[in-house]
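Written out below as structure tokens is the structure these notes cover.
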Amino acid sequence: MSLNLQRQTSQTENPAQVDMMPMLQVRDLVRNYAPSFQLCVSSLELRKGQTLCLLGPTGSGKSTLLKLIAGLDGADSGEILIQEQPLVTPRSSLAVRRKVAMVFQRPQLLTGTVLKNVTYGLRVRGLAKHHQSEVSRILNDLRLLELSERRADRLSGGQQQLVAIARALVLKPELLILDEPTANLDPAHVALVEMVIKQVQQEQGTTILWATHNLFQTRRISDRTAFLLNGKQIEEGETDVVLTRPEDSRTADFVEGRMIF
Amino acid sequence: MNWGELWPILALSAQVSGIAVLISAVIGIPVGTWLGLTNARLRAVMRVLTHTGMALPPVVVGLLIYLLLSRSGPWGELGWLFSVQAMIFAQVILAIPFVVGITMNSVSAIPSDLALQLRGLGASDWQVRTSVLREASPGILLAVAAAVGRSISEVGAVLIVGGNIEDKTRVMTTAIVLETGQGNFEFALVLGGFLLIAAFGVNALILLLQRSQRLA
Numbered sequence: 005m006s007l008n009l010q011r012q013t014s015q016t017e018n019p020a021q022v023d024m025m026p027m028l029q030v031r032d033l034v035r036n037y038a039p040s041f042q043l044c045v046s047s048l049e050l051r052k053g054q055t056l057c058l059l060g061p062t063g064s065g066k067s068t069l070l071k072l073i074a075g076l077d078g079a080d081s082g083e084i085l086i087q088e089q090p091l092v093t094p095r096s097s098l099a100v101r102r103k104v105a106m107v108f109q110r111p112q113l114l115t116g117t118v119l120k121n122v123t124y125g126l127r128v129r130g131l132a133k134h135h136q137s138e139v140s141r142i143l144n145d146l147r148l149l150e151l152s153e154r155r156a157d158r159l160s161g162g163q164q165q166l167v168a169i170a171r172a173l174v175l176k177p178e179l180l181i182l183d184e185p186t187a188n189l190d191p192a193h194v195a196l197v198e199m200v201i202k203q204v205q206q207e208q209g210t211t212i213l214w215a216t217h218n219l220f221q222t223r224r225i226s227d228r229t230a231f232l233l234n235g236k237q238i239e240e241g242e243t244d245v246v247l248t249r250p251e252d253s254r255t256a257d258f259v260e261g262r263m264i265f
Numbered sequence: 010m011n012w013g014e015l016w017p018i019l020a021l022s023a024q025v026s027g028i029a030v031l032i033s034a035v036i037g038i039p040v041g042t043w044l045g046l047t048n049a050r051l052r053a054v055m056r057v058l059t060h061t062g063m064a065l066p067p068v069v070v071g072l073l074i075y076l077l078l079s080r081s082g083p084w085g086e087l088g089w090l091f092s093v094q095a096m097i098f099a100q101v102i103l104a105i106p107f108v109v110g111i112t113m114n115s116v117s118a119i120p121s122d123l124a125l126q127l128r129g130l131g132a133s134d135w136q137v138r139t140s141v142l143r144e145a146s147p148g149i150l151l152a153v154a155a156a157v158g159r160s161i162s163e164v165g166a167v168l169i170v171g172g173n174i175e176d177k178t179r180v181m182t183t184a185i186v187l188e189t190g191q192g193n194f195e196f197a198l199v200l201g202g203f204l205l206i207a208a209f210g211v212n213a214l215i216l217l218l219q220r221s222q223r224l225a
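If you read the sequences in order, they're chains A and B. Mind the numbering: the first sequence is residues 5 to 265 in my numbering, read in order. Mind the numbering: the second sequence is residues 10 to 225 in my numbering, read in order.
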């Protein structure tokens, strides 16, 4: 299988929806984890409507970086700006955090129905009653409508992942953070999820930060790609450039499958 | 056998155990929740302490409370000895380790990632705590059921601090002891039957509440 898979339409090819104001800026971010792991990201910038893939092997710090950007953990130094507003600490930034929704690799769902889970974020904002049609549409798009009254904990792992994606999409976040959201899905559902997320992005101008270790997916979905290795940002740039003409030899080793641990 | 004595005994049992469980829940659920969310080392220490509390011999608790509340004791001025208040106090001491311990275990069993993921959907700290508490609610209901069981069936402590005074501090368990001692087995068995029905009723109600929580 070649890396030159056909790309779906990305937001950069729809300039009308691309805003010049940066949606996300990350500068000189450092987070130390005992005993020996340090996340170190020098600079990331993402404009409205763009998709940035965080590419890197397992343990490279992708999830750690995503949690920091979602405001779920605090950095030791550096800054994160969402629409030029600093994300100071997890406690003082509810309004900023609510511009962001995050999907985790291993979803944890609430006891109760699929519908209860999908509307959770709307309920905590007091908006559940006003977004019923949007909820139905997302459930339908992700093939969950017929399961909406089923208990979420009785669903398969893949279906639970779809519920986790749906509960983020119904919030219409300005920044959607996805941590390997398709890792537990079969190829048909991977395609479905990519299609639905791209559709939502085109309609709403959503900015997307998507962590994956899948090069094919990176090429399909992203405008820009950042490569992380051992907690360090190695390279960042347009996806085509990073995947085909990387500046750093370590990026080239990963992309061409020569990196062996 | 005087059947007219039955209803005051049942009513006082319900009053004493009901208030004791209520106080235990009001104090024990928040404490247990906080412990369930705190660091694992403190939780391990508290687990040992609460499990010890669950195994406290009621007669020893009764003896200590008797000494505390007797006229020459430190709390003698309250005048609670041989009163309903003393019985409630004893039952709270006996029931609260169950509420704290089981609540703590239920809350700590909820995956920590759930709180993180709810926060990632825009929930405030307070909303996250409420949601986690709701997830742990079947376990918390179990804690309340254990407290009801402990307090309604307890005899040693309430006998010592209540004195089993007719129409004043006589509850089902102490009445059973008295009636058995006097050879009134029929009355004692009827009281025992009511005790079993009460225990069954409370547990059935809690089971229904747990079921409705799962289906919500």
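Even for Gly, the Cβ is constructed at its ideal location relative to N, Cα and C. Model, not experiment: these values are computed from the prediction.
Start and end residues, beta strand (DSSP E) containing residue i
i        : result
Asp183/A : 179–183
Lys236/A : 236–242
Pro26/A  : 26–37
Leu48/A  : 41–51
Ile119/B : Neither: Ile119/B is in no beta strand (DSSP E) and is coded neither H nor E.
Ser81/B  : Premise fails: Ser81/B is in no beta strand (DSSP E) and is neither H nor E.
Ala230/A : 228–233
Ala105/A : 104–107
Ile174/B : Premise fails: Ile174/B is in no beta strand (DSSP E) and is neither H nor E.
Cβ-based neighbour list, residue i, same chain, cut-off 6 Å, excluding 5 preceding and 5 following
i        : result
Lys236/A : Cys44
Gly65/A  : Leu43, Leu232, Gly235
Val194/A : Thr186
Ser92/B  : none
Ile238/A : Phe231, Asp252, Arg254, Thr255
Ala168/A : Val107, Pro111
Leu173/A : Ile142, Val204
Cβ distance (whole Å) where residue i is taken to contact residue j below 8 Å
i        : j        : result
Ser117/B : Gly45/B  : 4 Å
Leu123/B : Gln112/A : 4 Å
Arg228/A : Leu56/A  : 5 Å
Gly162/A : Asp190/A : 7 Å
Ser162/B : Ala104/B : Contact flag wrong, Cβ pair sits at about 11 Å.
Run of the alpha helix (DSSP H) containing residue i, from where it starts to where it stops
i        : result
Leu151/B : 146–162
Arg254/A : 253–259
Arg224/A : 219–225
Arg141/A : 136–145
Trp43/B  : 15–46
Ile169/B : 165–171
Gly71/B  : 67–78
Glu153/A : It is not in any alpha helix (DSSP H) - Glu153/A carries neither H nor E in the DSSP assignment.
Val167/A : 161–173
Ala192/A : 191–208
Gly125/A : 124–128
Same chain, Cβ closer than 7 Å to residue i, five either side skipped, listed in chain order
i        : result
Val137/B : Ala124, Leu127, Arg128
Ala170/A : Val122, Ile142, Leu143, Leu146, Leu148
Leu77/B  : Pro83, Trp84
Closer than 7 Å at the beta carbon, the chain B residues around residue i
i        : result
Met106/A : Gly129
Gln112/A : Pro120, Asp122, Leu123, Gln126
Ala74/A  : Gly129
Arg101/A : Gly131
Within chain A, the residues that residue i reaches when beta carbons sit closer than 8 Å
i        : result
Gln136/B : Val128
Closer than 7 Å at the beta carbon, the chain A residues around residue i
i        : result
Ala132/B : Val128
Contact set for residue i: own chain, Cβ-Cβ below 8 Å, skip 5 residues either direction
i       : result
Pro94/A : Low confidence applies here, because Pro94/A scores a pLDDT of 49, under 50, leaving its location unreliable and the question unanswered by this model.
Heavy atom of the ligand MG within 8 Å of residue i beta-carbon
i       : result
Gly63/A : Annotation note on the ligand MG: not contained in the displayed structure, which lists no ligands.
Interface partners of residue i on chain A, CB under 9 Å
i        : result
Ser140/B : Leu114, Tyr124, Val128
Proximal chain B residues relative to residue i, where beta-carbon distance stays under 8 Å
i        : result
Leu175/A : Leu130, Gly131
Leu98/A  : Gly131, Ser133
Chain B residues whose Cβ lies nearer than 9 Å to that of residue i
i        : result
Ala172/A : Gly129, Leu130
Self-check item: Segment contact, 8 Å Cβ cut-off, at least three pairs: the segment 179–193 of chain B with the segment 12–23 of chain B
Solution: They touch, by the three-pair rule.
Quiz prompt | the segment 176–185 of chain A / the segment 203–219 of chain A touching (three or more Cβ pairs under 8 Å) | solution = Counting Cβ pairs under 8 Å, three or more are found: they touch.
Quiz item: Is there contact here, the segment 46–60 of chain B with the segment 204–222 of chain B, by at least three beta-carbon pairs under 8 Å?
Solution: The segment 46–60 of chain B vs the segment 204–222 of chain B: no contact.
Exercise. Report yes or no: do the segment 194–203 of chain B and the segment 142–158 of chain B share at least 3 C-beta pairs separated by less than 8 Å?
Key: Segments in contact, no.
Practice problem: Would you be able to state if there are at least three C-beta pairs under 8 Å between the segment 183–194 of chain B and the segment 26–36 of chain B? | Solution: No contact exists between the segment 26–36 of chain B and the segment 183–194 of chain B.
Quiz item: Taking a cut of 8 Å between CB atoms, which residues from the segment 100–115 of chain B lie near chain C?
Solution: The displayed structure is made up of protein chains A and B, and chain C is not among them.
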